[in-house]
Structures are given as C-alpha cells and as structure tokens.
Amino acid sequence: MSDAPDALSASLERVLTRFADRVRRIGARYRLAGDDLDELFQQVRLRLWRARGTGDAIDSAPASYVYRTAVSAALDLIRRRQAKREVPIDPPEGSGPEPAAPETTEQRLSDDDLAATVAAAIDGIAASRRPAVRMHLAGYGPDEIGAALGCDRTKARNLVYRGLADLRERLREKGVTGSEGPWNG
Numbered sequence: 001m002s003d004a005p006d007a008l009s010a011s012l013e014r015v016l017t018r019f020a021d022r023v024r025r026i027g028a029r030y031r032l033a034g035d036d037l038d039e040l041f042q043q044v045r046l047r048l049w050r051a052r053g054t055g056d057a058i059d060s061a062p063a064s065y066v067y068r069t070a071v072s073a074a075l076d077l078i079r080r081r082q083a084k085r086e087v088p089i090d091p092p093e094g095s096g097p098e099p100a101a102p103e104t105t106e107q108r109l110s111d112d113d114l115a116a117t118v119a120a121a122i123d124g125i126a127a128s129r130r131p132a133v134r135m136h137l138a139g140y141g142p143d144e145i146g147a148a149l150g151c152d153r154t155k156a157r158n159l160v161y162r163g164l165a166d167l168r169e170r171l172r173e174k175g176v177t178g179s180e181g182p183w184n185g
C-alpha cells in the first residue's frame, strides 16, 4: 500500500500535464499569472484528488471535468483574493503603482450586456456551427471539438472558423466591434 500515494501523485501529474494548456488558458482568461497560476494548478490537483480519489479515476477524468474544475478553482481563487483585498489609505511612497479601482456597477452591467449580446449573436448563427463555436470559446481545441461532435479535426476547424466569421458579422450588425485583430479583419 505504500505505492498508492505515489501512483495517485503520478496520475494527478499525468492529467495535469495532459490538460496544462487548458488550465493556463483558463488562468489567462481570469488574469491569473505567476503565483496565482501556480495556486490554480494546485487547487485543480487537490480537487481532482478529493473528487476522484483513485489513480484510475483520475486518469480517466474527461476534459470537460478538468475544465469545469479549473474554472471553479479560478473563480474561487479570485473571490478569495477580492475578499482579502485591503487598500491602505496612504500607501508608502515608491511602493509601486496605485491599486486598480474596483469595478463599478456600470462596468459590470456593461460586461453583462456584452455577454448577453454575444450569447444572442451565437444563437443567431447556423445551428451546425453553434456547438463548435461555444466549445471553442470555452477553450476546447479542434481535436476535442471533433470528438464531441463526431467529426474529424478538419471539419471541426472549419465549423469553428466559419462560425466565428458568422459571429463577428452578427456582432458588427449590433455595433459590437473590437479595436484589433480578427474583429477588424
């Protein structure tokens, strides 16, 4: 039985290695870097260990499970950080940049409005492309999208490419544009 912890650790490391890019993308989406990103990986590791319990169960964890675990861990990390945040009245000189102002209610409402607009635009694209676009926006790669939709990688890439083009057009029609990259292409 002394090998059990080593086998469990090995399983955890295999899964985290397999899905490391996805966890990093989630960290980037929530603006986690450095120590916070390390904390995210550790939280995913702990949650997989607690929920799955055995090496075989951890090794067989599907991509969607690891994704949801990482998103949940990232959100919890952000909530803990915000709960602990204290801003000194007079920060010492030379202590670095001023802390960012907390998000206003108007900014949150604006973000919610944008999210609703994007969701409505996604609902307006071709039904065959919708799931591929949603999966792409959730961080899935072409191989995973193809496997989930029962098609090959090339077809999955085409569905995403054409679906994103449709989405950009729908968003332009609603007056939502970006200042760089594919939004202006």
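Numbering follows the numbering used here, with no gaps: position 15 of the sequence shown is 15.
The beta-carbon is built from N, C-alpha and C at its ideal position, and this holds for glycine as well.
Would DSSP call residue i helix, strand or coil?
i             : result
leucine 37    : helix
proline 62    : coil
leucine 32    : coil
glycine 141   : coil
alanine 20    : helix
valine 71     : helix
arginine 108  : Note that arginine 108 scores a pLDDT of 48, beneath 50, so its modelled location is shaky; the value from the coordinates is reported in the next line. In this structure, arginine 108 counts as helix in the three-state DSSP scheme.
valine 176    : coil
threonine 117 : helix
serine 9      : helix
arginine 129  : coil
glycine 53    : coil
arginine 14   : helix
glycine 150   : coil
glycine 27    : helix
proline 88    : Residue placement at proline 88 cannot be trusted, given a pLDDT of 48 that sits under 50; what the coordinates show is reported in the next sentence. Correct three-state label for proline 88: coil.
If residue i sits next to residue j, beta carbons under 8 Å apart, how far is it from one beta carbon to the other, in whole angstroms?
i              : j              : result
glycine 139    : tyrosine 67    : 6 Å
methionine 135 : alanine 148    : 6 Å
valine 15      : aspartate 59   : 7 Å
leucine 40     : alanine 7      : Not confirmed; about 24 Å, so no contact.
leucine 167    : isoleucine 122 : 6 Å
valine 44      : alanine 70     : 5 Å
glycine 163    : isoleucine 125 : 6 Å
Cβ of residue i versus every heavy atom of the ligand GDP: is any distance shorter than 7 Å?
i            : result
tyrosine 140 : No copy of the ligand GDP appears in this structure; indeed no ligand is present at all.
With respect to the alpha helix (DSSP H) encompassing residue i, which residues constitute its N-terminal and C-terminal limits?
i            : result
arginine 162 : 153-173
Report yes or no: is there a C-beta of chain B within less than 8 Å of the C-beta of residue i?
i             : result
histidine 136 : Of the chains in the structure shown, none is chain B; there is only one protein chain.
Cβ pair count under 8 Å reaching 3, the region 17-24 against the region 57-71 | yes
Within the chosen definition, does the region 142-156 reach the region 164-171 through at least 3 CB pairs nearer than 8 Å?
-> no
Decide yes or no for the touch test of the region 35-52 against the region 126-134: beta carbon pairs closer than 8 Å, at least 3 of them.
-> no
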